[in-house]
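Quick note, the sequences are listed as chains A and B, same order. In this text, residue positions in the first sequence follow our numbering: the first is 2, and each later residue adds one. In this text, residue positions in the second sequence follow our numbering: the first is 15, and each later residue adds one. Every residue gets a Cβ at the ideal spot worked out from N, C-alpha and C, and that includes glycine.
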Amino acid sequence: GQNIDQPTEMTATEGAIVQINCTYQTSGFNGLFWYQQHAGEAPTFLSYNVLDGLEEKGRFSSFLSRSKGYSYLLLKELQMKDSASYLCAVKVSGTYKYIFGTGTRLKVLA
Amino acid sequence: DTGVSQDPRHKITKRGQNVTFRCDPISEHNRLYWYRQTLGQGPEFLTYFQNEAQLEKSRLLSDRFSAERPKGSFSTLEIQRTEQGDSAMYLCASSYEEALGYGYTFGSGTRLTVV
Numbered sequence: 002g003q004n005i006d007q008p009t010e011m012t013a014t015e016g017a018i019v020q021i022n023c024t025y026q027t028s029g030f031n032g033l034f035w036y037q038q039h040a041g042e043a044p045t046f047l048s049y050n051v052l053d054g055l056e057e058k059g060r061f062s063s064f065l066s067r068s069k070g071y072s073y074l075l076l077k078e079l080q081m082k083d084s085a086s087y088l089c090a091v092k093v094s095g096t097y098k099y100i101f102g103t104g105t106r107l108k109v110l111a
Numbered sequence: 015d016t017g018v019s020q021d022p023r024h025k026i027t028k029r030g031q032n033v034t035f036r037c038d039p040i041s042e043h044n045r046l047y048w049y050r051q052t053l054g055q056g057p058e059f060l061t062y063f064q065n066e067a068q069l070e071k072s073r074l075l076s077d078r079f080s081a082e083r084p085k086g087s088f089s090t091l092e093i094q095r096t097e098q099g100d101s102a103m104y105l106c107a108s109s110y111e112e113a114l115g116y117g118y119t120f121g122s123g124t125r126l127t128v129v
């Protein structure tokens with residue numbers, strides 16, 4: 002079966018660093034994506050990992066370990082506007098579909 | 015470019031009625047996807063088009079769902095004989111080239127409520 006696990010909720014303080022974990026078990030793997038989704042809005046693309054290691058994009062970094070079926074999204078210098086759900090998604094090899102996790106709802110407190 | 019457009023934004027329908035949604039992808043994107051999202055869940059894959067060809071359809075979809083992309087540009091998703099369980103946000107997304115690590119661009123979605 003296909004399974005992606007993320008924590009349901011996290012809380013952090015403005016200016017801090019937060020790490021959102023994602024573990025996956027899928028029948029095949031062809032890349033992992035992170036999306037941000039504000040309440041009532043569409044998801045927006047944040048990052049993509051297909052090889053092991055860290056990808057950095059400004060305040061956001063994403064890490065992948067394919068052997069462990071594990072990824073994390075690191076958000077630095079948190080801002081209030083970062084309060085949103087963060088979705089982990091795996092591109093399943095041999096298909097065109099992405100399997101999404103249920104998302105991690107991040108609350109940034111002043 | 016105005017991004018991915020979906021119409022309507024909201025739709026309330028009575029159980030048993032048919033509904034049709036429209037998606038206009040980013041013009042240079044040849045790949046188009048439909049997903050469904052319910053509250054507190056991640057998007058669930060429905061179907062995929064590459065140009066006008068429907069290359070994949072979720073086995074979770076019943077025969078009541080059909081999608082088209084007749085000229086490889088806009089797409090429609092039709093649900094026949096709607097049921098209350100069909101209530102969800104229907105998201106359309108498009109992309110150009112996945113191999114370069116480009117994610118989807120999602121539209122704002124159509125929120126369907128079946129009463």
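- Exposed is the label assigned to ILE26 (chain B), since fewer than 16 other Cβ atoms lie within 10 Å of its Cβ.
- Here the alpha carbons of GLN7 (chain A) and GLY104 (chain A) stand approximately 6 Å from one another.
- Shown here, GLN7 (chain A) sits in coil according to DSSP, grouped into three states, outside any helix or strand.
- DSSP places GLY41 (chain A) outside both helix and strand once states are collapsed to three, so it counts as coil.
- The straight-line gap separating the alpha-carbon atoms of LEU60 (chain B) and LEU75 (chain A) is approximately 30 Å.
- If you look at MET103 (chain B), you'll find it in the beta strand (DSSP E) that goes 102 to 109.
- Closest in alpha carbon position to ALA17 (chain A), among A:GLY54, A:GLY41, A:PHE61 and A:THR27, is A:PHE61.
- The beta-carbon distance between ALA107 (chain B) and TYR118 (chain B), rounded to whole angstroms, is 4 Å. This is short enough to meet the 8 Å contact definition.
- In this structure LYS98 (chain A) is buried. Its beta-carbon is surrounded by 16 or more other beta-carbon atoms within 10 angstroms.
- Cβ contact annotation for ARG78 (chain B) (same chain, cutoff 7 Å, sequence separation greater than five): ILE93, GLN94 and ARG95, in chain order.
- Here ALA85 (chain A) really is in contact with GLN38 (chain A); their C-beta atoms are around 6 Å apart, less than 8 Å.
- The way I'd put it, the stretch 32 to 47 of chain B does touch the stretch 118 to 129 of chain B; three or more beta-carbon pairs between them come closer than 8 Å.
- One thing to note: ARG23 (chain B) has its Cβ no nearer than 8 Å to the Cβ of GLN98 (chain B).
- Chain-ordered, the chain A residues with CB closer than 9 Å to the CB of GLN55 (chain B) read PHE101, THR103 and GLY104.
- Out of B:GLY17, B:GLN68 and B:SER76, the CA that lies nearest to the CA of PRO44 (chain A) is found in B:GLY17.
- The DSSP-derived three-state label of ASP53 (chain A) is coil.
- When rounded, the separation of the alpha-carbon atoms in LYS71 (chain B) and CYS37 (chain B) is 17 Å.
- The beta strand (DSSP E) runs of length 3 or more contained entirely in the stretch 60 to 109 of chain A are, from start to end of the chain, 61 to 66, 71 to 76, 85 to 92 and 99 to 101.
- One alpha carbon belongs to PRO57 (chain B), the other to GLN64 (chain B), and they sit about 20 Å apart.
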